[in-house]
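*Asks:* Dropping a structure here in structure tokens format, bear with me for questions.
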Amino acid sequence: RLGSQSVGGPILNVAMVGSVGSDPLGGFYRNKLRRASVNFLSEPVKDGTTGTVIVLTTPDAQRTMLAYQGTSSTINYDSCLASIISRTNILVVEGYLFEHPDTIKNITKACKDAHSKGALVAVTASDLSCIERHYDDLWEIIGNY
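Under UniProt numbering, the first residue of the sequence shown carries the number 1, and numbering increases by one thereafter.
Shown next, in the form of structure tokens:
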């Protein structure tokens with residue numbers, strides 16, 4: 001558990017901003033994060049559906065992913081989120097969010113604000129095809145922040 005000292009290290013204050021629907025899967029997701037001591041800071045999207053991924057794996061470890069994005073691209077960079085990001089030490093951005101043009105604008109704002117306050121900024125690589133499709137946007141973030 002991230003928020004307990006039973007592992008011998010300091011208590012970590014971990015938060016996540018994301019987008020889940022007001023459906024049962026969104027409730028399940030928020031509950032599991034809470035139980036892992038992760039503060040999920042986003043309100044559920046009213047009448048929204050939570051995205052999900054089914055991973056099919058062959059015996060030789062080849063993977064096929066079937067994804068439903070649901071409300072995953074619904075992240076608003078409002079004053080509340082800006083305030084949280086201005087106090088963070090590390091900002092980790094999920095690379096798959098680059099698939100949504102409006103989200104790229106919010107990612108750029110978040111990275112700029114976090115970096116200006118001295119936070120480290122990291123972007124997950126997701127997969128090769130995502131990197132290829134969004135190469136310029138991804139490298140703009142990596143190069144600047």
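Even for Gly, the Cβ is constructed at its ideal location relative to N, Cα and C.
(1) Going by DSSP in three states, I11 sits in which element: helix, strand or coil?
(2) Put R30 into one of helix, strand or coil per three-state DSSP.
(3) For G48, which option in M65, Y29 and D23 has the closest C-alpha, if you only look at C-alpha atoms?
(4) Considering only C-alpha positions, which residue in the set T58, V38 and L33 is nearest to A15?
(5) Identify whether I84 lies in helix, strand or coil by the three-state DSSP scheme.
(6) Any contact of the stretch 48-66 with the stretch 76-87, i.e. 3+ C-beta pairs under 8 Å?
(7) Suppose only complete runs of 3+ residues qualify. What are the beta strand (DSSP E) ranges in the UniProt domain "Carbohydrate kinase PfkB" (12-127), listed by chain order?
*Replies:* In brief:
(1) coil
(2) helix
(3) D23
(4) V38
(5) helix
(6) no
(7) 14-16, 38-40, 50-57, 63-70, 90-93 and 120-123
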